[in-house]
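S.K.:
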Amino acid sequence: MDIRAYDSIIIGAGAAGMHCAAIAAQRARKVLLLDHAKAAGEKIRISGGGRCNFTNLYCGPQNFISENPHFCKSALAGFGPQDFIKLVEQSGISWFEKTFGQLFCQKHSGQIVQMLLNRCLDNGVDLRLQSKVLDVKNSKSGFDLATSIGHFKTKSLIIATGALSIPKMGATGFGYDIARQFGLNIITPRPALVPLQVSHVFKQPVSQLAGLSLMAEVSCGSQSFTEAILFTHRGVSGPAILQISSYWASEQAITVNLAPGVDMLSMAKAARTKHPKQSPAKFMAGILPNKLAQIIAATISHQRLADMSDNHLQQMTDKVQRWSFVPEGTLGFRIAEVTAGGVDTKALSSKTMEAKSVPGLYFIGEVVDVTGHLGGHNFQWAWASANACARAL
Ligand SMILES: Cc1cc2nc3c(=O)[nH]c(=O)nc-3n(C[C@H](O)[C@H](O)[C@H](O)COP(=O)(O)OP(=O)(O)OC[C@H]3O[C@@H](n4cnc5c(N)ncnc54)[C@H](O)[C@@H]3O)c2cc1C
1315 MDIRAYDSII IGAGAAGMHC AAIAAQRARK VLLLDHAKAA GEKIRISGGG RCNFTNLYCG
1375 PQNFISENPH FCKSALAGFG PQDFIKLVEQ SGISWFEKTF GQLFCQKHSG QIVQMLLNRC
1435 LDNGVDLRLQ SKVLDVKNSK SGFDLATSIG HFKTKSLIIA TGALSIPKMG ATGFGYDIAR
1495 QFGLNIITPR PALVPLQVSH VFKQPVSQLA GLSLMAEVSC GSQSFTEAIL FTHRGVSGPA
1555 ILQISSYWAS EQAITVNLAP GVDMLSMAKA ARTKHPKQSP AKFMAGILPN KLAQIIAATI
1615 SHQRLADMSD NHLQQMTDKV QRWSFVPEGT LGFRIAEVTA GGVDTKALSS KTMEAKSVPG
1675 LYFIGEVVDV TGHLGGHNFQ WAWASANACA RAL
C-alpha cells in the first residue's frame, strides 16, 4: 500500500484551514489540505452578502461567546485585525469600513478566497478537493488517514471542518466526531446568528409586518444589542436579532425597546396636554413606522390620549419600549450563520489549539466552542486560531 507522509494534514479548506495551511507551509512544513467539497472557501464566498466582512477593527475577547471566555485571548493577541488587513492590502484587495468597524471587500468576497488559495499554492501546500476522509487512527509516529484518494500519515492533524451551519453547503459534524473519537468533550452545538421564529406580534400574524425594519434595543438576560431588527414572514431577523439569538435559550423571553433613546412617556404626557384628541395610533406613528404603530394601537382600548391616565400612558409606553415575547424557536442550522458550542476549550491549549490529551491533534475555527458576534468576528477567530496553530506545527 502506498502511504504518503506529510508534516501536517489539515482537514477542511475553509477560512481557518487555508490560513493555517499557508502559514505552516511558509514555515517550510510539508502540508496536505483536504476538503470534501468541489471548491475551497465556499462560506467565505457567500459571506457578508458577497463582500465578506473579513474582520472587525474593534475585535476583542468581548466579542466572543464560549464556556471559557478567556480561551480566545491568546490567539487574538497573536493575530489581530491589523495582521489580516496587512495581508489583504499586500494582495491589492481594496476594502471599506461599513459600520461599527466592520471591514468588507470593495469588490467581492471571491478576492479573499483567491488570496488564501494563492498563499497556499505559492507556498507549496498540496490541496486536494473532493476528497473524503474515511478513517483516522493514531499511530506511534502520529496519525494514519484512509481517504477516498489514498492513505496518508502525518505528525500533526488539524481539524478545520467548521460546524453544522448550512448543511446544503457541505457543513458536517465531522470535527465533533473526531473530537469524540479521541475522548474530547463537546459543548452542545446550537444555531447562532439565526433568525427567531415568532408567529404573532401584538396579537397579529407577524407576516403583516414582513419587510418592516427599524432600529431597536434587543435584550435577553443581561445581554443587549442596539441595531436594526427586521420583521419577516416567519418571525424576526436583522442584526440585533441575529446577535441576541446567540445568547437565547429555549423558552427565554426576549425584550425589545422599539424606540431606543426616546423618552416616550414624557412625550405622551406632553402630547395629551397639547393634542388631547390625538389617537394613540397617531401619537405612536410619530415614533414608530406607521404600520407598527397601528398594530400596537389596536391592542389599546382608548381612542384619545385625553382619556388615558398616567398609568395608561405607561402601559402604552411599555408595549413599545418593553415589548416582550418568547420565540417559538430559531430557524435552525439550515440558515444559521454560525454554530455556537463545539469542541470544549478545556480540552485544548489556548496557545496552540492542540488537544491536551492527544499530542499532534489540533482544532481550529468554528469547530471550537468560540463563537463571535456578527460583524467580522467569526472570520477573525478563524484567522487567529489558525495562526496560533500553524506557528506550533
Ligand atoms: C451566509 C453566511 C455569511 C457569513 N458571513 C460572515 C461574515 O461576513 N463575517 C464573518 O466573520 N463570518 C461570517 N460567517 C461565518 C463564517 O463563514 C464562519 O465562521 C467561518 O467560515 C468559519 O471558518 P472555518 O474555517 O472554521 O469553517 P468553514 O469556513 O465552514 O470551512 C470548513 C471547511 O471544511 C470542509 N468540510 C466540512 N466537513 C468536511 C469533511 N467531513 N471532510 C472534508 N472537508 C470537510 C467544508 O467543505 C469547508 O470547506 C458567515 C456564515 C454564513 C453561513
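In terms of the working numbering, the sequence shown opens at residue 1315 and continues consecutively.
Beta carbons are placed, not taken as given, at the ideal position from N, Cα and C, and that holds for glycine.
Mind pulling the beta strand (DSSP E) runs of 3 or more residues that sit fully within the segment 1456-1489?
M.R.: 1456-1461, 1464-1473
S.K.: Do residue 1358 and residue 1463 count as a contact pair if the criterion is CB distance below 8 Å?
M.R.: no
S.K.: DSSP puts residue 1643 in a beta bridge; with which residues?
M.R.: 1511
S.K.: Count the other CB atoms, across all protein chains shown, that sit within 10 Å of the CB of residue 1622; report buried if there are 16 or more and exposed otherwise.
M.R.: In this structure residue 1622 is buried. Its beta-carbon is surrounded by 16 or more other beta-carbon atoms within 10 angstroms.
S.K.: Who are residue 1452's beta bridge partners in DSSP?
M.R.: 1457
S.K.: Would residue 1693 and residue 1368 be called neighbours here (beta carbons separated by less than 8 Å)?
M.R.: yes
S.K.: Would the beta-carbon of residue 1412 be found less than 7 Å away from any heavy atom of ligand 1?
M.R.: no
S.K.: Regarding residue 1356 and ligand 1, is the C-beta to nearest heavy atom distance less than 7 Å?
M.R.: Result yes, Cβ under 7 Å from ligand 1.
S.K.: Run through the segment 1505-1562 for me and flag every whole alpha helix (DSSP H) of 4 or more residues, listed as ranges in chain order.
M.R.: 1553-1559
S.K.: Which same chain residues, not among the five before or five after residue 1578, have their C-beta less than 7 Å away from its C-beta?
M.R.: Closer than 7 Å at Cβ, skipping near neighbours: 1601, 1631, 1634, 1635.
S.K.: Leaving out the 5 sequence neighbours to the left and right, which residues in its chain are closer than 8 Å to residue 1593 when beta-carbon positions are compared?
M.R.: Within the same chain, residue 1593 has close Cβ partners 1611, 1617, 1618, 1619.
S.K.: Evaluate the contact criterion for the segment 1469-1479 versus the segment 1440-1457: three or more CB pairs, one atom per stretch, below 8 Å.
M.R.: yes
S.K.: Quick one: what does DSSP say residue 1413 is sitting in, helix, strand or coil?
M.R.: coil
S.K.: Given a cut-off of 8 Å, decide if residue 1679 and residue 1370 are closer than it, judged by their beta-carbon atoms.
M.R.: No, Cβ-Cβ distance for residue 1370 and residue 1679 is not below 8 Å.
S.K.: Name the two residues that bound the continuous alpha helix (DSSP H) containing residue 1699.
M.R.: Unbroken alpha helix (DSSP H) run through residue 1699: 1691-1704.
S.K.: Express the C-alpha separation of residue 1349 and residue 1449 in angstroms, rounding to a whole number.
M.R.: One Cα belongs to residue 1449, the other to residue 1349, and the distance between them is close to 14 Å.
S.K.: Distance, Cα to Cα, residue 1551 vs residue 1645?
M.R.: 10 Å
S.K.: Suppose you measure from the CA of residue 1347 to the CA of residue 1388; what does that come to, to the nearest Å?
M.R.: 25 Å
S.K.: Does at least one heavy atom of ligand 1 sit under 7 Å from the Cβ of residue 1639?
M.R.: no
S.K.: Tell me whether the beta-carbon of residue 1659 lies closer than 8 Å to the beta-carbon of residue 1682.
M.R.: yes
S.K.: Whole angstroms is fine: what's the gap from residue 1707's alpha carbon to residue 1565's?
M.R.: 44 Å
S.K.: If you drop the 5 nearest sequence neighbours on each side, which residues of the same chain put their C-beta closer than 8 Å to that of residue 1381?
M.R.: Taken in chain order, the residues that qualify are 1501, 1658, 1659, 1660, 1683.
S.K.: Are there three or more Cβ pairs, one per stretch, closer than 8 Å when the segment 1473-1492 is compared with the segment 1574-1589?
M.R.: In this structure the segment 1473-1492 does not lie against the segment 1574-1589, because fewer than three pairs of beta carbons, one per stretch, are closer than 8 Å.
S.K.: When we look at the beta-carbon of residue 1432 and count the other beta-carbons within 10 Å, is it buried (16 or more) or exposed?
M.R.: exposed
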